[in-house]
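Asker: Protein chains in written order, with my numbering: chain A, 9 to 216; chain B, 9 to 216.
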DNA sequence: CTAGAATGCGAGCGTTTACTCACATTGCCA
DNA sequence: TGGCAATGTGAGTAAACGCTCGCATTCTAG
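1) Considering only C-alpha positions, which residue in the set 187(A), 173(A), 186(A) and 190(A) is nearest to residue 184(B)?
2) Counting Cβ pairs closer than 8 Å, one from the region 111 to 123 of chain B and one from the region 44 to 59 of chain B, do we hit at least three?
3) Can you tell me which of the three DSSP states residue 23(B) falls into?
4) Less than 8 Å between the CB atoms is what I'm expecting for residue 76(A) and residue 37(A), so what's the real figure, rounded?
5) Can you give the Cα-Cα distance for residue 155(A) and residue 207(A), rounded to whole angstroms?
6) Closer than 8 Å, CB to CB, is residue 69(B) near chain A or not?
7) Taking only beta carbons into account, state which residues of the region 169 to 182 of chain B come closer than 7 Å to chain A, listed in chain order.
8) Starting from residue 63(A), find everything on chain B with Cβ-Cβ shorter than 7 Å and list it in chain order.
9) If you draw a straight line from the C-alpha of residue 25(A) to the C-alpha of residue 96(A), how long is it?
10) What whole-angstrom Cβ distance do residue 74(B) and residue 125(B) have, given they're in contact under 8 Å?
11) For chain B, check one thing: does any of its Cβ atoms lie closer than 8 Å to the Cβ of residue 166(A)?
12) May I have the straight-line CA-CA distance separating residue 194(B) from residue 215(B), to the nearest angstrom?
13) Taking 8 Å as the CB-CB cut-off, is residue 206(A) touching chain B?
14) Check whether the Cβ atoms of residue 211(A) and residue 164(A) sit closer than 8 Å, and answer yes or no.
15) Run down chain B in chain order and give the residues with a C-beta less than 8 Å from the C-beta of residue 209(A).
16) Where does the unbroken alpha helix (DSSP H) through residue 167(A) begin, and where does it stop?
17) Residue 160(B) versus chain A: which residues are under 8 Å apart at the beta carbon?
18) Quick check on the burial criterion: 16 or more other C-beta atoms within 10 angstroms. Buried or exposed for residue 19(B)?
19) Out of curiosity, what's the CA-to-CA distance linking residue 51(A) and residue 86(A)?
20) Would residue 106(A) be called buried (16 or more neighbouring beta carbons within 10 Å of its own) or exposed?
21) Which bits of chain A does residue 142(B) rub up against, with CB to CB less than 8 Å?
22) Check residue 41(B) in the structure and name its three-state DSSP category.
23) Find out if the Cβ-Cβ distance for the pair residue 78(A), residue 34(A) is shorter than 8 Å.
24) What is the rounded straight-line gap between the Cα of residue 100(B) and the Cα of residue 167(B)?
25) Taking C-alpha atoms, which residue in 189(B), 43(B) and 62(B) lies nearest to residue 30(B)?
26) Do you know whose CA, among 169(A), 178(A), 171(A) and 170(A), lies nearest residue 171(B)'s CA?
27) Counting only C-beta atoms, is residue 199(B) closer than 8 Å to chain A at any point?
28) Taking 8 Å as the threshold (beta carbon to beta carbon), is residue 19(B) in contact with chain A?
29) For chain B, find out if any of its Cβ atoms is closer than 8 Å to the Cβ of residue 122(A); answer yes or no.
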């Protein structure tokens, strides 16, 4: 155990056949992770669940942590692409509506494969993956700070960077904790309303 | 591996000698965890670092996860006892000051063994430990909700429970993320100020 | 002082599991 | 069609590591 060194794929899938294999393996990884947890995930088990030989798995993933890493990367990309695709549209809206839209967006992002999301955040040791998370985080931060700065005249705020830090932390935590501790809250409009209230009052926006 | 079942100590230390052993082992666990990470932590290594035989370790900790679990419990207790001890005093203060005090308290709590805190939150799979965390969380939530309810007349808020959820999530996340991503921010009064602003505006309290 | 309890010891057992490798099969291109 | 590259296979290897157990040492109570 813990022999892992390299985390990049050892071989790129070139033909359609092998691309399918890679996909199947990643899907199986997600299934096994949800069903057995991180400790219960073994490469042999994943191969079996994928209906692929263990050898094939190791053609494309040099070790277990690369396997899980690839899955995390995919999941994070699924979540952020959802947000990014809508964000430009949202940025055009009046501020009060933009706030609500962003909150709803984040909630929807957390509803993408929630089971997997839970296992990934609860159980998977974040060694080495911290870099990727920080990156996403920095992206979020920059976008929010930019939005705040560009609309500064309609807001009652100080340093956009500091405000962005507080806001991003708060909103991320609210959706995240709701997803983990009380998933039903994600459907509860009262949570969205309350979060909107918090953000609007903080930024000094009239209720919309 | 993954043979763990019981998580309670197999034997209570009765004499001073064995109580010292247990302490030494827990300290060594913390050191090893910080130095090698969760994956690099082995029971043999801990025993060696503690200057204790592996057999002795297993006298008091039935398995690896109980060992780490005990450490988490201790750390969480250290953090919460700090908060609880001051909270009654804080509850007496005028609201504007109470807010600042609570924020400072949380920051101080996150400064208890920050290295260990980091490893614990970043790396240790939370399987089974979720219960304890939820418990702490529920306690926090109840206290904040209670405080809000009792001072409701001076605040511009709706359902105290919902507000408490938003507040606790936000404040926890801000200190936690500052601790993880930018420890120097914890010393930066601007962060405290900004967080105060957020909370005060949200609750409708005049700046203090 | 002594007996029995508590504690300490650590070599090594047994299992788990990541990963290899020699070989088979399939697809691609000339 | 032949030949080479890409892909697939899975039994087997080696090492890591959690944990046991039989025995030694230290404490405590009577």
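Cβ coordinates follow ideal geometry from the N, Cα and C atoms, glycine included.
Answerer: Reading it off the structure:
1) 173(A)
2) no
3) coil
4) 7 Å
5) 14 Å
6) no
7) 170, 171, 174, 177, 178, 180, 181 and 182
8) Ordered by position in chain B, no residue passes the 7 Å Cβ test against residue 63(A), which lies about 23 Å from the chain.
9) 37 Å
10) The Cβ separation is near 20 Å, so there is no contact.
11) yes
12) 21 Å
13) yes
14) yes
15) 209, 210 and 212
16) Neither: residue 167(A) is in no alpha helix (DSSP H) and is coded neither H nor E.
17) By Cβ distance, chain A contributes nothing, its closest Cβ being about 15 Å from residue 160(B), past 8 Å.
18) exposed
19) 24 Å
20) buried
21) 189
22) helix
23) yes
24) 22 Å
25) 62(B)
26) 178(A)
27) yes
28) no
29) no
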